[in-house]
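J.:
Numbering (this note's numbering), first residue to last: 378 to 511.
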(Lines of atoms letter the chains of each structure in order from A and count residues from 1; the text may use other names and numbers.)
(Lines give C-alpha, C1' and ligand atoms only; values in the text may rest on other atoms or scores of the structure.)
Protein backbone atom coordinates (compact mmCIF):
# COMPACT_ATOMS: atom_id res chain seq x y z
CA UNK A 1 0.00 0.00 0.00
CA UNK A 2 1.31 3.43 -0.95
CA UNK A 3 2.07 5.95 1.79
CA UNK A 4 -0.46 8.85 1.94
CA UNK A 5 2.29 11.44 1.39
CA UNK A 6 3.33 9.77 -1.84
CA UNK A 7 -0.29 9.54 -2.96
CA UNK A 8 -0.64 13.24 -2.20
CA UNK A 9 2.38 14.00 -4.37
CA UNK A 10 0.95 12.02 -7.29
CA UNK A 11 -2.50 13.59 -6.88
CA UNK A 12 -0.89 17.04 -6.70
CA UNK A 13 0.95 16.36 -9.96
CA UNK A 14 -2.36 15.39 -11.55
CA UNK A 15 -3.91 18.65 -10.36
CA UNK A 16 -0.95 20.60 -11.76
CA UNK A 17 -1.59 18.90 -15.12
CA UNK A 18 -5.31 19.64 -14.91
CA UNK A 19 -4.57 23.31 -14.25
CA UNK A 20 -2.04 23.41 -17.11
CA UNK A 21 -4.64 21.98 -19.47
CA UNK A 22 -7.26 24.50 -18.34
CA UNK A 23 -4.83 27.43 -18.50
CA UNK A 24 -3.61 26.31 -21.92
CA UNK A 25 -7.15 26.12 -23.27
CA UNK A 26 -8.11 29.43 -21.69
CA UNK A 27 -4.96 31.00 -23.05
CA UNK A 28 -5.72 29.92 -26.59
CA UNK A 29 -9.29 31.20 -26.42
CA UNK A 30 -9.08 34.09 -23.96
CA UNK A 31 -5.53 35.40 -23.73
CA UNK A 32 -4.05 35.06 -27.20
CA UNK A 33 -4.86 38.22 -29.12
CA UNK A 34 -5.65 40.11 -25.92
CA UNK A 35 -1.98 40.54 -24.98
CA UNK A 36 1.12 41.48 -26.94
CA UNK A 37 3.29 38.84 -28.60
CA UNK A 38 5.91 38.86 -25.83
CA UNK A 39 3.34 38.23 -23.09
CA UNK A 40 1.64 35.52 -25.14
CA UNK A 41 5.00 33.80 -25.73
CA UNK A 42 5.79 33.92 -21.99
CA UNK A 43 2.32 32.54 -21.21
CA UNK A 44 2.88 29.61 -23.57
CA UNK A 45 6.24 28.87 -21.93
CA UNK A 46 4.57 28.94 -18.50
CA UNK A 47 1.95 26.41 -19.63
CA UNK A 48 4.59 24.17 -21.25
CA UNK A 49 6.81 24.20 -18.16
CA UNK A 50 3.82 23.51 -15.95
CA UNK A 51 3.03 20.43 -18.05
CA UNK A 52 6.58 19.09 -17.97
CA UNK A 53 6.97 19.65 -14.26
CA UNK A 54 3.53 18.25 -13.44
CA UNK A 55 4.71 15.01 -15.02
CA UNK A 56 7.89 15.31 -12.98
CA UNK A 57 5.88 15.66 -9.77
CA UNK A 58 3.98 12.46 -10.61
CA UNK A 59 7.25 10.68 -11.42
CA UNK A 60 8.71 11.85 -8.10
CA UNK A 61 5.71 10.38 -6.26
CA UNK A 62 6.05 7.05 -8.04
CA UNK A 63 9.81 6.96 -7.47
CA UNK A 64 9.33 7.94 -3.82
CA UNK A 65 7.24 4.79 -3.45
CA UNK A 66 9.93 2.73 -5.19
CA UNK A 67 12.68 4.24 -3.00
CA UNK A 68 10.86 4.79 0.32
CA UNK A 69 14.05 5.50 2.29
CA UNK A 70 15.05 8.44 0.08
CA UNK A 71 13.98 11.77 1.46
CA UNK A 72 15.62 13.46 -1.52
CA UNK A 73 13.28 11.71 -3.95
CA UNK A 74 10.20 12.61 -1.91
CA UNK A 75 11.28 16.22 -1.47
CA UNK A 76 12.09 16.61 -5.17
CA UNK A 77 8.40 16.56 -6.12
CA UNK A 78 7.51 19.27 -3.61
CA UNK A 79 10.44 21.41 -4.79
CA UNK A 80 9.21 20.99 -8.37
CA UNK A 81 5.77 22.15 -7.20
CA UNK A 82 7.28 25.25 -5.62
CA UNK A 83 9.05 25.90 -8.90
CA UNK A 84 5.83 25.62 -10.88
CA UNK A 85 4.03 27.95 -8.49
CA UNK A 86 6.78 30.57 -8.62
CA UNK A 87 7.74 30.29 -12.30
CA UNK A 88 4.47 29.64 -14.08
CA UNK A 89 2.40 31.38 -11.42
CA UNK A 90 4.33 34.64 -11.69
CA UNK A 91 4.05 34.61 -15.49
CA UNK A 92 0.30 33.97 -15.30
CA UNK A 93 -0.07 36.73 -12.74
CA UNK A 94 1.75 39.33 -14.82
CA UNK A 95 -0.17 38.24 -17.92
CA UNK A 96 -3.41 38.93 -16.05
CA UNK A 97 -2.27 42.34 -14.81
CA UNK A 98 -0.17 41.85 -11.68
CA UNK A 99 2.65 44.36 -11.21
CA UNK A 100 5.77 43.57 -13.20
CA UNK A 101 7.67 43.10 -9.91
CA UNK A 102 5.79 39.81 -9.49
CA UNK A 103 7.68 38.60 -12.56
CA UNK A 104 10.85 38.60 -10.45
CA UNK A 105 9.62 35.29 -8.99
CA UNK A 106 10.05 33.54 -12.34
CA UNK A 107 13.83 33.06 -12.02
CA UNK A 108 13.38 31.84 -8.43
CA UNK A 109 10.86 29.32 -9.74
CA UNK A 110 13.24 28.26 -12.48
CA UNK A 111 15.96 27.64 -9.91
CA UNK A 112 13.52 25.62 -7.80
CA UNK A 113 12.63 23.52 -10.85
CA UNK A 114 16.29 22.83 -11.52
CA UNK A 115 16.85 22.00 -7.85
CA UNK A 116 13.89 19.60 -7.92
CA UNK A 117 15.34 17.69 -10.87
CA UNK A 118 18.76 17.55 -9.22
CA UNK A 119 17.24 16.28 -5.97
CA UNK A 120 15.37 13.61 -7.92
CA UNK A 121 18.50 12.52 -9.78
CA UNK A 122 20.65 12.47 -6.66
CA UNK A 123 18.00 10.70 -4.61
CA UNK A 124 17.45 7.96 -7.18
CA UNK A 125 21.18 7.52 -7.70
CA UNK A 126 21.89 7.24 -3.96
CA UNK A 127 18.92 4.96 -3.32
CA UNK A 128 19.92 2.71 -6.22
CA UNK A 129 23.49 2.47 -4.98
CA UNK A 130 22.30 1.69 -1.45
CA UNK A 131 20.13 -1.14 -2.79
CA UNK A 132 23.00 -2.47 -4.84
CA UNK A 133 25.21 -2.73 -1.77
CA UNK A 134 22.60 -4.61 0.26
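Backbone N, C-alpha and C define an ideal beta-carbon position, used for all residues, glycine too.
These numbers come from a predicted model, not from an experiment.
Compare the beta carbon distance of residue 482 and residue 466 with 9 angstroms and say whether it is the shorter of the two.
T.: What you label residue 482 is simply residue 105 of the chain shown in a count that begins at 1. What you label residue 466 is simply residue 89 of the chain shown in a count that begins at 1. Contact flag set, yes.
J.: Rounded to whole angstroms, what is the Cα-Cα separation between residue 451 and residue 476?
T.: Here residue 451 refers to the residue found at position 74 when the chain shown is read from its first residue. Here residue 476 refers to the residue found at position 99 when the chain shown is read from its first residue. Cα-Cα distance, rounded: 34 angstroms.
J.: Output yes or no for whether 9 angstroms exceeds the beta carbon distance between residue 431 and residue 393.
T.: As a first step, residue 431 is located in the chain shown; it is residue number 54 there, counting from the start. As a first step, residue 393 is located in the chain shown; it is residue number 16 there, counting from the start. Yes, they are a contact pair.
J.: If you follow the alpha helix (DSSP H) that residue 382 is in, where does it begin and where does it stop?
T.: Residue numbering aside, residue 382 sits at position 5 when the chain shown is read from its first letter. Residues 381 to 403.
J.: Work out the CA separation of residue 485 and residue 460 for me, nearest whole Å.
T.: Taking the first residue of the chain shown as 1, we reach residue 460 at position 83. Taking the first residue of the chain shown as 1, we reach residue 485 at position 108. About 7 angstroms.
J.: Measure the CB-CB distance between residue 383 and residue 442 and report whether it falls below 9 angstroms.
T.: Working through the chain shown from its first residue, we reach residue 383 at position 6. Working through the chain shown from its first residue, we reach residue 442 at position 65. Cβ distance < 9 angstroms, so residue 383 and residue 442 count as in contact.
J.: Check whether the Cβ atoms of residue 501 and residue 440 sit closer than 9 angstroms, and answer yes or no.
T.: Mapped onto the chain shown, residue 501 falls at position 124. Mapped onto the chain shown, residue 440 falls at position 63. Against a cut-off of 9 angstroms, the Cβ pair of residue 440 and residue 501 comes out as a contact.
J.: Decide if residue 429 is buried, meaning its Cβ has at least 16 other Cβ atoms within 10 Å, or exposed.
T.: Start at 1 with the first residue of the chain shown, and residue 429 comes out as number 52. Residue 429 is exposed by the Cβ-count criterion.
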